[in-house]
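Data block below; observations after.
In the numbering used here, the protein residues as written are 1 to 323.
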């Protein structure tokens, strides 16, 4: 097995470990133990995966993760706990694959494996966190089963068609890397909403908008406009704004909207269709303007949704976060 093949194998296994480390170890160890695969001399160190103690420990954790992965919100806590475990486990597996080769190659394989696993893990964690905010209860279990199927199918591909598996792993890592910024924003949003929730009614950080937010608001308003009300808010969906960006829900004369570091969006206050939904630690607000055929979906501190959603342009000026 040459160096390129070894690194491709390490990347493929690590991508799967980033999704489910325990299932990857258990399935690979079972295949070794039952002699479903014959390891080449270069991978002899992986024989340890078939040891009864390793199989037992991995099997127990597979069962634990199978249950934990199906419970809304607990699955995100589980992912958080495994932010270091999965990349480190993948690095260990990758180093083991190169243990019979040059020690420098083992270090390179470990670095590659850890990085690949961290990328797929972060993508998975972000998708799961976003799924937890959806109203239907099926997505968590479905995503978990899909991930388990990907791990088992990926291991089979690695054995049967290694270069196909390597190509798919590369594509998966690129896709995960594309998702990572979105996932990081999602994680930051929930961390910010939790902080606001724990801070309570006095959790606002400032008495005014940051300068860049204010400048974007003035551009959207067509010039300087008195700020009537403002509340820390994260945007979920709106035209031209990255999902989960931080900013503030705002009220100016005759209009309601949102402003952030990159852009502000305003809607006429008089004809808005309003919907508010209370979630675990935040409220979700939807404003839709039939005349403009445009809407905003925002998330604010829990307990503030109804008040923010029904701001009027005639409200007296108040401080940031009040109201």
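Here a beta-carbon is modelled for each residue, glycine too, at the ideal position from N, C-alpha and C.
So, is residue i buried or exposed, given that buried needs 16 or more other C-beta atoms within 10 angstroms?
i	result
residue 232	buried
residue 262	exposed
residue 65	buried
residue 38	exposed
residue 146	exposed
residue 153	exposed
residue 284	buried
residue 76	buried
residue 60	exposed
residue 198	exposed
residue 48	exposed
residue 4	exposed
residue 329	Coverage of the chain is limited to positions 1 through 323, which leaves residue 329 absent and any answer about it impossible.
residue 144	buried
Cβ-heavy atom distance between residue i and the ligand PLP below 8 angstroms?
i	result
residue 216	With respect to the ligand PLP, the structure shown offers nothing to examine, as it has no ligands at all.
Check for me: the alpha helix (DSSP H) holding residue i runs from which residue to which?
i	result
residue 133	No alpha helix (DSSP H) contains residue 133, which DSSP labels as neither H nor E.
residue 153	139 to 160
residue 69	No alpha helix (DSSP H) holds residue 69; DSSP gives it neither H nor E.
residue 306	305 to 309
residue 92	85 to 97
residue 221	211 to 221
Please state if the CB of residue j and the CB of residue i are separated by a distance shorter than 9 angstroms.
i	j	result
residue 90	residue 127	no
residue 244	residue 185	yes
residue 267	residue 280	no
residue 124	residue 58	no
residue 264	residue 217	yes
residue 241	residue 258	yes
residue 42	residue 19	no
residue 30	residue 79	no
residue 45	residue 10	no
residue 71	residue 140	yes
residue 73	residue 132	yes
residue 8	residue 155	no
residue 119	residue 83	no
As a quick exercise: from the options, pick the residue whose alpha carbon is nearest that of residue i.
i	options	result
residue 289	270, 165, 247	270
residue 87	180, 34, 17	17
residue 40	145, 133, 2, 181	2
residue 297	249, 237, 259	237
residue 158	198, 24, 71	24
residue 301	230, 111, 112, 293	230
residue 272	209, 148, 133, 309	309
residue 14	170, 295, 225, 178	170
residue 311	254, 27, 246	254
residue 34	50, 303, 69	50
residue 228	209, 251, 220, 211	251
Quick one: give me the first and last residue of the beta strand (DSSP E) that residue i is part of.
i	result
residue 7	Element bounds for residue 7: not the beta strand (DSSP E) but the alpha helix (DSSP H), 3 to 19.
residue 299	294 to 301
residue 251	246 to 252
residue 278	273 to 278
residue 236	229 to 237
residue 287	282 to 289
residue 268	264 to 268
residue 260	255 to 260
Can you confirm whether the region 161 to 176 touches the region 104 to 114 when touching is taken to mean that 3 or more C-beta pairs between the two stretches lie within less than 8 angstroms? no
Quick check: the region 81 to 101 against the region 165 to 177, are there 3 or more CB pairs under 8 angstroms? no
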